[in-house]
Structures are given as structure tokens and as C-alpha cells.
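The sequence shown begins at 28 in my numbering and counts up one residue at a time.
Built from N, CA and C at the ideal position, the CB exists for glycine as well.
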Amino acid sequence: MIDLARREAAAERSPSRRVDLRSLTDWAIPAALLALTVAGWELYVWIDDTPAWFLPAPSAVVEEAIASRALLLEHTWTTLQEVLLGYVIALVVGVSTALLIAFSRIAERTVYPIIVASQAIPIIALAPILLIWFGFGMTPKVIVVVLLCYFPIAVNMADGLRSADPDALNLLRSMGASRWQIMRFVRAPSSLPYLVSGARIAAAVSVIGAIVGEWVGASSGLGYLMTRAASQFLTARLFAAVAISALIGIVLFAIVALIGRMLAPWAEEEVGSRE
């Protein structure tokens, strides 16, 4: 009996152990690949004796980041404000648009095609226009972030709201449920994995929007610092700014993914069961 109980306890623990092992492997492999890339980069610069203005070694980039930490922190704070503000606005407007499309057939036929067609306009072409209209402040950068993040959030959630189980919808309609009750109990839960997916995509591209806006015209921010460093051939500082902007995107993506697991844990379980 004791051996049987031990086997059953081990069987109950084994799935979680497999999940932990798989999660560890998912993180270990990219980390090892990144470490090998950085080591190879450092070795190449040392062997080839590459000029620092052309390609600085990773150690030189770290040294520059430490030496210029106050300057980098100042410009990082500006970019981070633009990213977070634009992302939150895009999330609110995107979710609202998706709900409007789900509740209104007219909106679905008119607004949805316009949203899709709007992606044919390159953001880099809109940035100078926004600069003319709103000046060199934070506003045009936030608008660029909103424009980049809005599309994946709105389209993914709209698709999720339309992907609700038709049998569940018919059941609630036959029971006299209102449109709000149908939205609350069927459509909204089914759309959460889609919303999380769109929000993660938006998180990954949000920093790009802020950097592009700062490239066009700004007086602070990581994009502004990149253009200044490039014009002065301060390549190590340029690489440090690029690394920080990438880190912001990665951290924001991870936070959104974590919130998504908390809001829609069943989506992760479905993926795990398929694997």
C-alpha cells in the first residue's frame, strides 16, 4: 500500500516536473545561444583587431553603459514614458474598437476594413507629418506607438470575439440571455487568448514606434541618443542604447505574457495538452 501511494504521488508530481523542465529548457537554449553569440563577437573583435568606432566589443559596450549610465537612464526614462503611455492608449482603444465591431454589424462592415487598409500606410511616412502637426514633444511619439500597437490588439480581439462557440451562443440565446450576458459569459472568455496574443505582439513593437518617432525629431529619448551617437561615431554608446531598447521590449513582452497566463490559464493548458 505504501509503495502504491508513493507511485501515485510520483505520477501526480511528474506532469508539473515535466512542465518545469520544459520551461527551463525553453529559457536555457536561447540564453546559451545568446551567450555563444556574445562570446564569438568578443573573440572576433579581439582577433581581427576591429576598430572600436566600427564594431566595439561587448565588453566595451558594457563599459560605456556603466560610464554613461546617467545619460542613458535619462533618455531611457523618456522612451519608457512614450512606450507605456502609447501602449495603454492602444490597448484601451483597440479593445473598445473590437467590442464595437462585435456588437455592431455596421461597424464590422465599415470600421474593420478601414483598420486593415490603414496598415498599408508606412509609419515612417506618418512620423514627419505628426512632427509638423504636434511639434518635437512627446505627443507625436506616443501617437506613433499607438498606431503600431493598435492594429494587432484590435484585430486579434475582434477575431477572438467572433470565434466564440456557436453552440454555446445558441444555448444562451434560447435561454433568453441578453447580448451583454452573451458577451460576459461566452464571447469575452473566448477572446482572451486572442487579446493576449495581440497584446504580446503590440508589446514587442511598441519600442519600435517610440524609437522611430524619436529618429524623425526629438530632443530626448533613446532614438535621439542613437542618432547623436551615430553622428559622433560613439558606436559603443549606440550599441548600449540599442541593447536597452531591446531590453525594454523583452521585459514588456514578458509582463504581458505573465498577465495573459493569469487572465487565461486555460489557453496555456490547451497548448500544453497539444504538445
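Ser201 sits in a helix when the DSSP states are folded into three classes. If you compare the alpha carbons of Leu261, Pro85, Trp80 and Ala270 with that of Val65, the shortest gap goes to Pro85.
In this structure Tyr71 is exposed. Its beta-carbon is surrounded by fewer than 16 other beta-carbon atoms within 10 angstroms. For Met165, the secondary structure class from DSSP, reduced to helix, strand or coil, is coil. Taking the Cα positions, Ala125 is about 38 Å away from Leu61.
Residues Val173 of the same chain have their beta carbon placed closer than 6 Å to that of Ile116, with the five preceding and five following residues left out of the count.
In terms of Cα proximity to Leu107, the closest of Arg288, Ala257, Phe260 and Ser247 is Ser247. The residue from Leu249, Ala281, Leu285 and Pro220 with its alpha-carbon nearest to that of Ile271 is Leu249. Straight through space, the alpha carbons of Val88 and Ala267 are spaced by roughly 6 Å.
Ranked by how close their Cα comes to the Cα of Ile209, the residues Val171, Leu290, Pro57 and Asp192 have Asp192 in first place. By the CB criterion at 9 Å, Ile180 and Val239 fall outside the cutoff.
Within 10 angstroms of the beta-carbon of Phe178 lie 16 or more other beta-carbons, which makes it buried. Put simply, the stretch 274 to 291 touches the stretch 209 to 229. At least three CB pairs are less than 8 Å apart. Residues Ala154, Pro155 and Leu158 of the same chain have their beta carbon placed closer than 7 Å to that of Val243, with the five preceding and five following residues left out of the count.
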